[in-house]
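Chemist:
Number of protein chains: 2
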Amino acid sequence: MTIRYPNGKKYIPTSATNKHPVMKHDAYRNRGQTLEDELNDSNAFYLSRNIAVIHKKPVPIQVVKVNYPNRSAAVITEAYYRTPSTTDYNGVWNGKYIDFEAKETKNKTSFPLQNLHVHQVEHMKNVYEQQGIPFLIIRFSTLNRYFLLPYETMIEKWDRMNEGGRKSITLQEFEDEAIEMETGFMPTIDYLKGLASFIGKEG
Amino acid sequence: MTIRYPNGKKYIPTSATNKHPVMKHDAYRNRGQTLEDELNDSNAFYLSRNIAVIHKKPVPIQVVKVNYPNRSAAVITEAYYRTPSTTDYNGVWNGKYIDFEAKETKNKTSFPLQNLHVHQVEHMKNVYEQQGIPFLIIRFSTLNRYFLLPYETMIEKWDRMNEGGRKSITLQEFEDEAIEMETGFMPTIDYLKGLASFIGKEG
Chain S
1 MTIRYPNGKK
11 YIPTSATNKH
21 PVMKHDAYRN
31 RGQTLEDELN
41 DSNAFYLSRN
51 IAVIHKKPVP
61 IQVVKVNYPN
71 RSAAVITEAY
81 YRTPSTTDYN
91 GVWNGKYIDF
101 EAKETKNKTS
111 FPLQNLHVHQ
121 VEHMKNVYEQ
131 QGIPFLIIRF
141 STLNRYFLLP
151 YETMIEKWDR
161 MNEGGRKSIT
171 LQEFEDEAIE
181 METGFMPTID
191 YLKGLASFIG
201 KEG
Chain Z
1001 MTIRYPNGKK
1011 YIPTSATNKH
1021 PVMKHDAYRN
1031 RGQTLEDELN
1041 DSNAFYLSRN
1051 IAVIHKKPVP
1061 IQVVKVNYPN
1071 RSAAVITEAY
1081 YRTPSTTDYN
1091 GVWNGKYIDF
1101 EAKETKNKTS
1111 FPLQNLHVHQ
1121 VEHMKNVYEQ
1131 QGIPFLIIRF
1141 STLNRYFLLP
1151 YETMIEKWDR
1161 MNEGGRKSIT
1171 LQEFEDEAIE
1181 METGFMPTID
1191 YLKGLASFIG
1201 KEG
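In order, the protein sequence lines correspond to chains S and Z. The letter at position 86 of the first sequence is residue 86 when you use the working numbering, and the numbering goes up by one with no holes. Take any residue in the second sequence, count from 1 to its spot, add 1000: that is its number in the working numbering.
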């Protein structure tokens, strides 16, 4: 039996209206999802399967004024965004310390290095020296292509820029030196699989 | 020559006015500093000496309204504190994933377990299963005593509570089963030394 609401519209479950039909190789399935959404979904999947414990850090905010309208609630009424001093994501995967930054670009031919902050690169360097595993995840959003860029390659291009070279990493360089990842259903982006293939290559 | 400012006061460097004289065993030297301040100082020291890369995570805040008075500034005008889903501190130390929560208590005889949230304990369990190193740092602020409590001991007391036992960990239990840490100058709390002594015991 169909439920009819006062306005005469037929009841349709939210899940049926909000989403495209699920098709395994539908490149448009994740349309509208940000890279952050996709990575949060992937991390929730890894956690639920006991594969890894990786979280996005909260956005740093400087709180200036707080009102307490009653004992149980606090309302922040003046606050400012602060510049993050580290990368956005970190955690542990099978005893390994994982640390990465995720960036999207609409550019179709290269990733502009101005998307990275000096302190983030510095942080990744420190992590690398402590034998953690830093890397970047880059989404070319117009092309719907995803790459995992190991720290070693990233720092090479960063140093090239600082020595007066080009201020970006070309798509061709990503194709040659990064790990391309396909999107899937669970997880949305299997970046640990990408990372495992890279670590495997190293050993 | 002494610099004199318009109000006639002698110039005194800030560092000389704000601090007590440095005495190695002065238990009151850190009076007024919160445990968070002390740990942030310790982490800054570890970072500066390339010993470890450990940061406090930002406090999670749900932003509801933002005003943009001009292009370069954003003012948050309505926001709320969210409950953290993980511990406050994590990072990497010589290839090891470090993850801990820090708590202060004014209680002189025990640490009440209600200071920990279920989801934080769950997070530490997940970290432990991924071969990370979770632990607690507890400051008995009235006694000015600091302990590092390994996850294994913490979860034993947590389970005891859930089986109907006592809802706290006694100071005696800390003395017997945790690692007591002294405060010093650089770093303020050398918790990695405490941790090393524990890991050494294990191996």
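The beta carbon of each residue, even a glycine, is placed where N, CA and C say it ideally should be. This structure is a prediction, so every number in the text was calculated from the model and none was measured.
(1) Can you tell me whether DSSP reads alanine 178(S) as helix, strand or coil?
(2) Given a threshold of 16 other Cβ atoms within 10 Å of its Cβ, counted over all protein chains shown, does phenylalanine 185(S) qualify as buried or as exposed?
(3) Please go through the stretch 90-175 of chain S and give each complete alpha helix (DSSP H) segment of 4 or more residues, from N-terminal end onward.
(4) Going along the chain, which unbroken runs of the alpha helix (DSSP H) with 4 or more residues stay wholly within the stretch 29-57 of chain S?
(5) Using C-beta distances below 8 angstroms, list every residue in its chain close to leucine 1113(Z), excluding the 5 sequence neighbours before and after it, in chain order.
(6) By a C-beta neighbour count over all protein chains shown, 10 Å radius and 16 as the cutoff for buried, is valine 1127(Z) buried or exposed?
(7) Are the Cβ atoms of glutamate 78(S) and lysine 65(S) separated by less than 8 angstroms?
(8) Quickly, what does DSSP pair alanine 1073(Z) with across the bridge? List them, please.
(9) When the Cα atoms are used, what is the spatial distance from tyrosine 1068(Z) to serine 85(S)?
(10) Quick one: any contact between the stretch 1089-1104 of chain Z and the stretch 1128-1140 of chain Z, if contact means 3 or more CB pairs under 8 angstroms?
(11) Within 10 angstroms of its Cβ, does glutamate 182(S) collect 16 or more other Cβ (buried), or is it exposed?
(12) Within 10 Å of its beta-carbon, does tyrosine 1151(Z) have 16 or more other beta-carbons around it, so buried, or fewer, so exposed?
(13) Under a CB-based cut-off of 8 angstroms, is histidine 117(S) close to chain Z?
(14) Mind listing which residues of the stretch 1038-1071 of chain Z have their C-beta closer than 8 angstroms to chain S's C-betas, in chain order?
(15) Would you decide whether threonine 83(S) is buried or exposed? Buried here means 16 or more other CB atoms lie within 10 Å of its CB.
(16) Determine the burial state of serine 1042(Z): buried for a count of at least 16 other Cβ atoms within 10 Å of its Cβ, exposed for fewer.
(17) Sort Arg1145(Z), Asn1094(Z) and Gln1172(Z) by Cα distance to asparagine 1050(Z) and report the nearest one.
(18) At a Cβ threshold of 8 angstroms, is isoleucine 199(S) touching chain Z?
(19) Check whether the Cβ of valine 121(S) lies closer than 8 angstroms to any Cβ atom in chain Z.
Modeler: The answer reads as follows:
(1) In the structure shown, alanine 178(S) adopts coil according to DSSP, grouped into three states.
(2) Within a 10 Å sphere around the beta-carbon of phenylalanine 185(S) sit fewer than 16 other beta-carbons, which makes this residue exposed.
(3) If we require 4 residues or more, the alpha helix (DSSP H) runs fully inside the stretch 90-175 of chain S come out as 118-129 and 151-162.
(4) If we require 4 residues or more, the alpha helix (DSSP H) runs fully inside the stretch 29-57 of chain S come out as 35-48.
(5) Answer for leucine 1113(Z): Lys1157, Trp1158, Met1161, Lys1167, Ser1168 and Ile1169, listed in chain order.
(6) With 16 or more other Cβ atoms within 10 Å, it is buried.
(7) Cβ atoms of glutamate 78(S) and lysine 65(S): closer than 8 angstroms.
(8) Bridge partners of alanine 1073(Z) according to DSSP: Asn1070(Z).
(9) Going from the Cα of tyrosine 1068(Z) to the Cα of serine 85(S) covers about 23 angstroms.
(10) Counting Cβ pairs under 8 angstroms, three or more are found: they touch.
(11) Its Cβ having fewer than 16 others within 10 Å, glutamate 182(S) is exposed.
(12) When all chains shown are included, tyrosine 1151(Z) counts as buried.
(13) With 8 angstroms as the cut-off, histidine 117(S) does not count as an interface residue toward chain Z.
(14) For the stretch 1038-1071 of chain Z, the set of positions with a beta-carbon nearer than 8 angstroms to some beta-carbon of chain S reads Leu1047, Asn1050, Ala1052, Val1053, His1055, Lys1057, Pro1058, Val1059, Pro1060, Ile1061 and Val1063 in chain order.
(15) Its Cβ having fewer than 16 others within 10 Å, threonine 83(S) is exposed.
(16) It counts as buried.
(17) Taking each of Arg1145(Z), Asn1094(Z) and Gln1172(Z) in turn and checking the Cα distance to asparagine 1050(Z), the smallest one comes out for Asn1094(Z).
(18) At a cut-off of 8 angstroms between beta carbons, isoleucine 199(S) makes no contact with chain Z.
(19) No, because no Cβ of chain Z sits closer than 8 angstroms to the Cβ of valine 121(S).
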